[in-house]
Amino acid sequence: MFSSSPSTDRPSSGPAFQADFGSGALFRRDGQRCAGLAVEFISSLQESVTECFGDDARDVLYRCGFEWGLKELLATTTKLLRDSSPQNVTLAQLEPKFALETWWRTMRETGHGLAKIDCSRDGRGIVVIDLRQCPAALATPIGSHPVCHYYAGLFAGALSFLDRAERHATEIQCRALGHSCCQFVVGPGSEVDAAEAARQQATPAVEILRRLT
Ligand SMILES: [Zn+2]
Numbered sequence: 562m563f564s565s566s567p568s569t570d571r572p573s574s575g576p577a578f579q580a581d582f583g584s585g586a587l588f589r590r591d592g593q594r595c596a597g598l599a600v601e602f603i604s605s606l607q608e609s610v611t612e613c614f615g616d617d618a619r620d621v622l623y624r625c626g627f628e629w630g631l632k633e634l635l636a637t638t639t640k641l642l643r644d645s646s647p648q649n650v651t652l653a654q655l656e657p658k659f660a661l662e663t664w665w666r667t668m669r670e671t672g673h674g675l676a677k678i679d680c681s682r683d684g685r686g687i688v689v690i691d692l693r694q695c696p697a698a699l700a701t702p703i704g705s706h707p708v709c710h711y712y713a714g715l716f717a718g719a720l721s722f723l724d725r726a727e728r729h730a731t732e733i734q735c736r737a738l739g740h741s742c743c744q745f746v747v748g749p750g751s752e753v754d755a756a757e758a759a760r761q762q763a764t765p766a767v768e769i770l771r772r773l774t
C-alpha cells in the first residue's frame, strides 16, 4: 500500500482560496471552483429540498453527496498517483486512509468540518467517520433525526470509489440531535442497513460500533 504520513492537523502551504476577480470566480487550492455560502443559505437549501421532494428529500441529498464524493476522490487520487514516487503506483495500492485524509484536508480548509477517519474495520469494508462542525448540522436546529444526508452520501461516494465496490453510509449520531459530533458508518449495504436499523431503535452509537467490530 502506498502512503505517506498525512496529518489532518498539518498546516497546508499557501492560501486555501484563490480569487479570479475578472470572472468573479473562487477556486480551492486544488483548482476546483467553489463558492462561499452563508449558514443561512445551507439551512434554506435543506428546507427547500425538503419542501420540494418531501419524504424523498433525504435520498436526493444523499445522492447529490454521493456523486460529488465520487468526483472528489477521482480528482484526489488522480493527483496523488500523478505526484507519487515511484511513478508506477496504482489506485489499488493507495492506502484508503491516506487518500481520504489527503482529500479531507482540502474539504476542511473550505469549511466542511473536522473529520476523524477510523479505518480499523477496513478488513470488513467498514470506515467510521466522526465529523465536527458539519455545516449541515450547524445550520439546523436541534431535532429528532440526523440531518447530514448530504455528507453521508459524500462519504459513501468517496469509499465506493476507493474500494471499487458500492458502499453505503448512514449517520448514527448527529450534532442536530444534540451529540458532540456527527458520526457516520460507511460500508457494505448489509452492515450499514443494520447500523441504521439499530439507530432507529435508539441504540447508542457506541453500541452500534461495538456490533461492527
Ligand atoms: Zn449530522
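Every position in the sequence shown, counted from 1, becomes a number in my numbering once 561 is added.
The C-beta atom is built at its ideal place from N, Cα and C for all residues, glycine as well.
Cβ of residue i within 9 Å of any chain C Cβ
{"i": "residue 706", "result": "Checking the listed chains, one finds no chain C in this structure; it contains a single protein chain."}
Residues of its chain near residue i, where Cβ-Cβ distance is below 7 Å and the 5 sequence neighbours each way are ignored
{"i": "residue 667", "result": "589, 590, 591"}
{"i": "residue 680", "result": "657, 658, 688"}
Buried or exposed by the 16-neighbour rule on C-beta atoms within 10 Å, applied to residue i
{"i": "residue 571", "result": "Unreliable positioning characterises residue 571 in this predicted model, as indicated by a pLDDT of 43, which lies under 50. The coordinate reading is nonetheless provided below. By the neighbour-count rule (16 or more Cβ atoms within 10 Å), residue 571 is not buried but exposed."}
{"i": "residue 593", "result": "exposed"}
{"i": "residue 706", "result": "exposed"}
{"i": "residue 739", "result": "exposed"}
{"i": "residue 662", "result": "buried"}
{"i": "residue 578", "result": "exposed"}
{"i": "residue 715", "result": "buried"}
{"i": "residue 695", "result": "buried"}
{"i": "residue 627", "result": "buried"}
{"i": "residue 774", "result": "exposed"}
CB-CB length for residue i against residue j, believed under 8 Å
{"i": "residue 719", "j": "residue 708", "result": "The Cβ separation is near 20 Å, so there is no contact."}
{"i": "residue 712", "j": "residue 743", "result": "7 Å"}
{"i": "residue 557", "j": "residue 733", "result": "The structure shown does not extend to residue 557, since the chain is modelled only from 562 through 774, so no value can be given for it."}
{"i": "residue 660", "j": "residue 723", "result": "6 Å"}
{"i": "residue 700", "j": "residue 604", "result": "4 Å"}
Residue i beta carbon near ligand 1 (any heavy atom closer than 8 Å)
{"i": "residue 767", "result": "no"}
{"i": "residue 707", "result": "yes"}
{"i": "residue 680", "result": "no"}
{"i": "residue 695", "result": "yes"}
{"i": "residue 698", "result": "yes"}
{"i": "residue 712", "result": "yes"}
{"i": "residue 675", "result": "no"}
{"i": "residue 692", "result": "yes"}
{"i": "residue 732", "result": "yes"}
{"i": "residue 636", "result": "no"}
{"i": "residue 590", "result": "no"}
{"i": "residue 756", "result": "no"}
Sequence-distant residues of the same chain with beta carbon closer than 8 Å to residue i, five excluded per side
{"i": "residue 638", "result": "652, 655, 660, 722, 723"}
Report task. Output the residue ranges of the alpha helix (DSSP H) runs that lie fully inside the segment 667–704 and measure 4 residues or longer, sorted by chain position. Result -> 696–699
Requested in this report: For the segment 720–750, list the alpha helix (DSSP H) runs that are entirely contained and at least 4 residues long, ordered along the chain.
Outcome: none
Query - Complete alpha helix (DSSP H) runs within the segment 568–640 (minimum length 4 residues, chain order) - result: 600–614
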